[in-house]
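A.B. asks: Chains as they are written, first to last, in our numbering: chain A, 278 to 679; chain B, 54 to 226.
Right, here's the structure in full:
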């Protein structure tokens with residue numbers, strides 16, 4: 278459709294020699310709808326659709342699980358050149374995808390000049406439409422968003438900020454060094470608008486977050502930098518209570534290093550993965566106390582997954598790269614698999630899918646070559662599929678679950 | 054370069070997969086406009102009309118190869134460099150040394166203004182200054198740099214062209 282232009286030549290009567298002033302007046306565009314949606318809709322899955330954030334390659338992988346077919350690989354981010362670091366994602370009950378962008382510090386120092394730049398870029402959260410992952414809104418958060426979660430009822434969205442640089446900046450007061458939780462509602466996002474969510478200072482380098490069910494009135498936050506679990510009440514005036522994850526916590530140079538906090542399906546316990554202390558601790562949500570059992574592992578435990586009945590924890594560990602199946606009450610290990618480098622380097626998260634009898638393990642890889650998602654048989658733990666995804670995958674969410 | 058943009062499935066070498074998002078990236082990074090268009094605005098419609106009116110002769114996808122790490126380049130031909138400067142840089146930076154015709158005073162006069170900053174503030178050697186120019190041309194306002202200058206991909210400006218340009222700017226290897 279061609280555009281119709283009307284040229285209006287207006288000569289200034291008084292000064293004949295002057296250049297004629299040319300004004301172009303465009304008629305309102307009347308062609309086919311401008312900016313037609315050219316992305317194709319995401320194909321449906323035979324099993325369950327899963328989304329994986331590849332934070333080193335600026336993409337989301339959309340998988341059909343447990344078969345392991347890659348349905349789509351979609352670019353995400355706001356910056357067309359730099360890595361945006363899509364780091365963790367969450368779904369609301371309608372299947373809307375929320376992805377946190379955590380801009381890495383320029384590490385390669387690509388030239389002499391950029392080496393002098395020490396700018397810290399705000400993180401962002403993008404809201405992506407369920408049908409084709411187009412951007413339908415954004416929120417600006419603090420630098421280095423760590424983990425993003427949406428409450429079971431879909432009404433609350435919380436982002437932690439894993440800001441190690443801030444946590445160790447001795448020029449700041451202890452108060453200022455605290456990383457925040459950004460709290461908003463998925464419903465507040467709107468196209469063409471940038472949300473500025475409420476921030477709650479929580480602790481040094483908060484990372485893993487889980488929300489109480491169903492409405493996320495309370496957040497459980499793994500405070501990596503001060504060896505504690507933060508219990509944050511989000512309704513009314515927010516309040517933060519820090520509970521040490523072990524008998525000898527250390528503020529500033531963690532001994533335990535709680536990195537993940539995963540709530541059980543019943544909402545009664547939180548599994549805390551301590552990457553420095555190489556232990557998994559359990560927190561009783563009712564009494565707000567740490568349970569005595571400590572599940573020790575040879576490797577550093579990352580994001581664990583719970584069985585639906587709460588009797589099993591699937592714990593991925595790094596160095597050695599393994600998956601442990603543990604009884605969270607007794608600490609007894611039921612089973613373990615150790616991975617070869619081809620199978621899984623740096624397992625980051627384990628997600629049981631009981632409906633399909635499968636267990637999904639996100640493998641970061643070495644961050645230089647693409648990572649992968651392993652599909653294991655939930656009972657035998659045999660590898661059923663090994664799905665290549667993008668660089669440095671760090672989170673997998675299943676469409677049906679939260 | 055813009056011909057066929059309305060038909061293109063990807064932009065920026067695949068980092069962006071919608072025309073509207075590509076336009077919003079330009080508006081944000083190069084024009085300082087932080088409120089993205091939703092496509093229904095008057096200007097957005099007018100721009101689409103213009104792009105749709107261009108002859109559809111360009112290929113559907115355009116390669117866009119960014120140079121991620123800036124390295125020094127061999128010497129080039131200053132005469133050819135003058136022509137390249139006129140076509141690639143003059144519109145914004147104006148004439149070299151005088152800045153005559155430049156966009157505004159925040160667009161530095163080449164090569165003196167940046168070279169002086171590189172030398173005095175960062176204590177760069179002559180060779181580092183040359184590489185910093187290469188870095189700026191290749192990365193624009195991205196990859197750890199700031200500002201609002203666009204990056205030049207290899208398809209837009211070859212390494213040969215850039216060598217010639219540096220010779221014209223009197224930045225010897």
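All residues carry an ideal CB built from backbone N, CA and C; glycine is no exception.
As the structure is a prediction and not an experimental result, all values here were calculated from the model.
Taking C-alpha atoms, which residue in A:468, A:605 and A:361 lies nearest to residue 352 (chain A)?
C.D. replies: Numbered from 1 along the first chain, position 75 holds the residue referred to as residue 352 (chain A). Per the Cα distances, A:361.
A.B. asks: Spatial neighbours of residue 78 (chain B) within its chain, please: CB distance less than 7 Å, with the 5 preceding and 5 following residues excluded, ordered by chain position.
C.D. replies: If you number the second chain from 1, residue 78 (chain B) lands on position 25. The answer, listed in chain order, is 69.
A.B. asks: Can you give me the Cβ contacts of residue 327 (chain A) inside the same chain, cut-off strictly under 6 Å, excluding the 5 residues immediately before and after it?
C.D. replies: Mapped onto the first chain, residue 327 (chain A) falls at position 50. Closer than 6 Å at the Cβ level, and outside the excluded window around residue 327 (chain A), lie 340, 342, 673 and 675.
A.B. asks: Please report the residue range of the alpha helix (DSSP H) in which residue 132 (chain B) lies.
C.D. replies: Locating residue 132 (chain B) in the second chain gives position 79, where the first residue counts as 1. Per DSSP, residue 132 (chain B) belongs to the alpha helix (DSSP H) from 131–141.
A.B. asks: What are the uninterrupted segments assigned as beta strand (DSSP E) that are 3 or more residues long and contained completely in the stretch 328–405 of chain A, given in chain order?
C.D. replies: 336–342, 346–352, 363–368, 374–378 and 401–405
A.B. asks: Helix, strand or coil for residue 63 (chain B)? Go by DSSP, reduced to three states.
C.D. replies: The sequence position of residue 63 (chain B) within the second chain is 10, counting from 1. Residue state, collapsed to three classes: coil.
A.B. asks: For residue 141 (chain B) and chain A, any beta-carbon pair shorter than 9 Å?
C.D. replies: The residue given as residue 141 (chain B) occupies position 88 in the second chain. By this cut-off, residue 141 (chain B) is not an interface position.
A.B. asks: As an exercise, report each continuous beta strand (DSSP E) stretch of at least 3 residues that is fully enclosed by the stretch 512–555 of chain A, in chain order.
C.D. replies: 516–521, 535–540 and 546–551
A.B. asks: Please identify the residue among A:611, A:499, A:548 and A:464 whose C-alpha is closest to the C-alpha of residue 531 (chain A).
C.D. replies: Locating residue 531 (chain A) in the first chain gives position 254, where the first residue counts as 1. Nearest option by C-alpha distance: A:499.
A.B. asks: With distances taken from CA atoms, which of A:494, A:316 and A:595 is nearest residue 562 (chain A)?
C.D. replies: Translated into the one-based positions of the first chain, residue 562 (chain A) becomes position 285. Residue A:494 is the option with its Cα nearest to residue 562 (chain A).
A.B. asks: To which residues of the same chain is residue 622 (chain A) closer than 8 Å at the C-beta, ignoring the five residues directly before and after it?
C.D. replies: Locating residue 622 (chain A) in the first chain gives position 345, counting from the first residue. Answer for residue 622 (chain A): 598, 616, 640, 641, 642, 643 and 648, listed in chain order.
A.B. asks: Please report whether the beta-carbon of residue 144 (chain B) lies at a distance below 9 Å from any beta-carbon of chain A.
C.D. replies: Stepping through the second chain from its first residue, residue 144 (chain B) is reached at position 91. For residue 144 (chain B), no Cβ of chain A is located within less than 9 Å of the residue's own Cβ.
A.B. asks: So, is the C-beta of residue 74 (chain B) closer than 9 Å to a C-beta in chain A?
C.D. replies: Mapped onto the second chain, residue 74 (chain B) falls at position 21. With 9 Å as the cut-off, residue 74 (chain B) counts as an interface residue toward chain A.
A.B. asks: Does the beta carbon of residue 63 (chain B) sit closer than 9 Å to a beta carbon anywhere in chain A?
C.D. replies: Reading the second chain from its first residue, position 10 is the one you call residue 63 (chain B). Judged by the 9 Å Cβ criterion, residue 63 (chain B) is in contact with chain A.
A.B. asks: State yes or no: is the C-beta of residue 626 (chain A) within less than 9 Å of the C-beta of residue 660 (chain A)?
C.D. replies: Counting from one through the first chain, the residue named residue 626 (chain A) turns up at place 349. Counting from one through the first chain, the residue named residue 660 (chain A) turns up at place 383. Cβ distance not < 9 Å, so residue 626 (chain A) and residue 660 (chain A) don't count as in contact.
A.B. asks: Please classify residue 546 (chain A) as buried or exposed, where buried requires at least 16 neighbouring CB atoms within 10 angstroms.
C.D. replies: Counting from one through the first chain, the residue named residue 546 (chain A) turns up at place 269. Buried, by the Cβ-count rule.
A.B. asks: Taking Cβ-Cβ distances below 7 Å as the criterion, which residues of the stretch 403–436 of chain A are in contact with chain B?
C.D. replies: Within the stretch 403–436 of chain A, the qualifying residues are 411 and 412.
A.B. asks: So with Cβ pairs under 9 Å, would you call residue 401 (chain A) a contact of chain B?
C.D. replies: Looking up residue 401 (chain A) in the first chain gives position 124. No - not a single Cβ of chain B is within 9 Å of the one on residue 401 (chain A).
A.B. asks: Can you list, in chain order, the residues of its chain whose CB lies under 7 Å from that of residue 372 (chain A), leaving out five sequence neighbours each side?
C.D. replies: For this step, residue 372 (chain A) is matched to residue 95 along the first chain. Here the set comprises 407 and 676.
A.B. asks: Tell me, to the nearest whole angstrom, how far the beta carbon of residue 544 (chain A) is from that of residue 490 (chain A); I am working on the premise that it is less than 8 Å.
C.D. replies: Walking along the first chain from the start, residue 544 (chain A) turns up at place 267. Walking along the first chain from the start, residue 490 (chain A) turns up at place 213. Yes, residue 544 (chain A) and residue 490 (chain A) are in contact; Cβ-Cβ is about 5 Å, under 8 Å.
A.B. asks: Taking only runs of the beta strand (DSSP E) that begin and end inside the stretch 555–589 of chain A, which ones reach a length of at least 3 residues, in chain order?
C.D. replies: 556–561 and 566–573
A.B. asks: Find the residues of chain B that neighbour residue 335 (chain A), judging by a C-beta separation of less than 9 Å, and give them in chain order.
C.D. replies: Locating residue 335 (chain A) in the first chain gives position 58, counting from the first residue. Simply 68.
A.B. asks: Can you tell me whether residue 503 (chain A) is buried or exposed, with buried defined as 16 or more other CB within 10 angstroms of its CB?
C.D. replies: Numbered from its first residue, the first chain carries residue 503 (chain A) at position 226. Buried, by the Cβ-count rule.
A.B. asks: Apply the 10 Å Cβ neighbour rule to residue 481 (chain A) and answer buried if 16 or more other Cβ atoms are within range, or exposed otherwise.
C.D. replies: On the first chain, residue 481 (chain A) is found 204 positions in, with the first residue counted as 1. Taking all protein chains in view, the Cβ of residue 481 (chain A) is crowded by 16 or more other Cβ atoms within 10 Å, so the residue is classified as buried.
A.B. asks: So residue 600 (chain A) packs on residue 638 (chain A), CB below 8 Å; how close in whole Å?
C.D. replies: Locating residue 600 (chain A) in the first chain gives position 323, where the first residue counts as 1. Locating residue 638 (chain A) in the first chain gives position 361, where the first residue counts as 1. About 6 Å; that satisfies the 8 Å criterion.
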